[in-house]
Amino acid sequence: MPVTIRHRRAAAFAVPFVAVLGLGLGGCDFDPTSIFAEKYKPEVVPDVPADKLYSDGLAKLEDSDYEGAVKKFDNLDKQYQYSEWSRKALLMTAYANYEGQKYDDAISASKRYLQRHPASKDAAYAQYLMAMSNYKQIPDVTRDQERSEKALVALQELVQKYPTSEYAADAKAKIQITRDQLAGKEMEIGRFYLEKRNFPAAINRFRDVVAKYQTTRHAEEALERLTEAYWALGITQEAQNAAAVLGHNFPESPWYKDAHALLAQNGVEPREEKSSFLSKIFRTVTGKTASAE
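The opening position of the sequence shown corresponds to residue 1 in full-length UniProt numbering, with each subsequent residue numbered one higher.
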């Protein structure tokens, strides 16, 4: 069978290559892996003792080098996985990020810690760091309050899961502040609707404040605004009821004086409807009921 050009070229290239291999294999000192040795030489990373990495991380924290501290604790976590050092390193990573105002990174590290070590002695602190990282990012009341809602959830979880921890009291105080923030946002929207004379939408917002945030400082104004909105719609009985609940629970409030004046100038007085939504809400919270005047 005649040899084609393609076959001849293949043979021409094959012979030298085989010859080279033959020469190499025939030599007693040739190492066939040596031609790859430089390119694929493994890099040997010396192990640093765990306590040294931890101390270095603490030193970075002391110098306010939070990014450097995070790197040290991250290396410790990676090199000594599943050890007590790894647990400590992950917690300190969350703390260093928090101190460095890398709050989202602090939240991520705290969540990882709680997933890996939910029953550890420092779980309450990890939960506190996560809650505070959200809390520190609460925006002013004119902006979206998603971060406030996340802070509230994390703070409430802290109180529920770790009620005897040293962080519970501070969490309770911040829960009230966060709830006040969320109520303030609802009030801002409700006032906007009231000014636009969209009274049903305004009523919905003010009712939400009373239903969800009746222990905040916004409850008084919400009741007065309900009096205004109901009166504007001609729903006299609801306006009287809102004013009565306001007066009984906050008799010295300037908001009650405004609500009372609004009704009085139109010849009616505050009057409670005991089966109403508002009466039930405040009776549940305070144990009080309003009295008809």
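No residue lacks a Cβ here, since even glycine has one placed at the ideal position from N, Cα and C.
Exercise. Are three or more beta carbon pairs between the region 271-279 and the region 233-245 nearer than 8 Å?
Worked result: These segments touch.
For this session: Give the straight-line distance between the Cα atoms of Gly100 and Gly68, rounded to the nearest whole angstrom.
Result: Residue numbering aside, residue 100 sits at position 100 when the sequence shown is read from its first letter. Residue numbering aside, residue 68 sits at position 68 when the sequence shown is read from its first letter. Rounded to whole angstroms, Gly100 to Gly68 spans 10 Å at the Cα level.
Exercise. In chain order, what residues of the same chain lie with their CB nearer than 6 Å to the CB of Ser276, ignoring the 5 residues before and after it?
Worked result: Residue numbering aside, residue 276 sits at position 276 when the sequence shown is read from its first letter. Sequence-distant Cβ neighbours of Ser276 in its own chain, meaning closer than 6 Å and more than five residues away, are Asn241.
For this session: Might you give, ordered along the chain, the residues of its own chain that have their beta carbon closer than 6 Å to the beta carbon of Leu155, omitting 5 neighbours on each side?
Result: Along the sequence shown, one-based indexing puts residue 155 at 155. Beyond the five residues adjoining it in sequence on each side, Leu155 comes within less than 6 Å, by CB distance, of Ala131, Ala171, Lys174, Ile175 in the same chain, given in chain order.
For this session: Taking the CB atoms as reference points, tell me whether Tyr230 and Glu238 lie closer together than 9 Å.
Result: To locate residue 230, count along the sequence shown from 1; it is residue 230. To locate residue 238, count along the sequence shown from 1; it is residue 238. Contact flag set, yes.
For this session: Please name the residue in Thr215, Ala109, Lys111, Glu224 whose C-alpha comes closest to that of His260.
Result: For this step, residue 260 is matched to residue 260 along the sequence shown. The residue with the shortest Cα to Cα distance from His260 is Glu224.
Exercise. DSSP three-state call for Thr142: helix, strand or coil?
Worked result: By 1-based counting over the sequence shown, the position of residue 142 is 142. It is coil, neither helix nor strand.
For this session: Give the range of the alpha helix (DSSP H) segment to which Phe192 is assigned.
Result: The sequence position of residue 192 within the sequence shown is 192, counting from 1. Residues 168-195.
Problem set entry | Ala202 and Tyr193 closer than 9 Å at C-beta | Residue 202 sits at position 202 when you count from the first residue of the sequence shown. Residue 193 sits at position 193 when you count from the first residue of the sequence shown. For Ala202 and Tyr193, yes; Cβs fall inside 9 Å.
For this session: Can you check the region 95-131 for any alpha helix (DSSP H) of at least 4 residues that lies completely inside it and give the ranges in chain order?
Result: Runs of the alpha helix (DSSP H) lying entirely within the region 95-131, each at least 4 residues long, are 103-116 in chain order.
Exercise. Hey, Leu76 and Tyr54: beta-carbon distance below 9 Å or not?
Worked result: Position 76 of the sequence shown, counting from 1, holds the residue named residue 76. Position 54 of the sequence shown, counting from 1, holds the residue named residue 54. For Leu76 and Tyr54, yes; Cβs fall inside 9 Å.
Problem set entry | Local Cβ density within 10 Å of Tyr256, reported as buried at 16 or more and exposed below that | Working through the sequence shown from its first residue, we reach residue 256 at position 256. Buried, because 16 or more other Cβ atoms sit within 10 Å of the Cβ of Tyr256.
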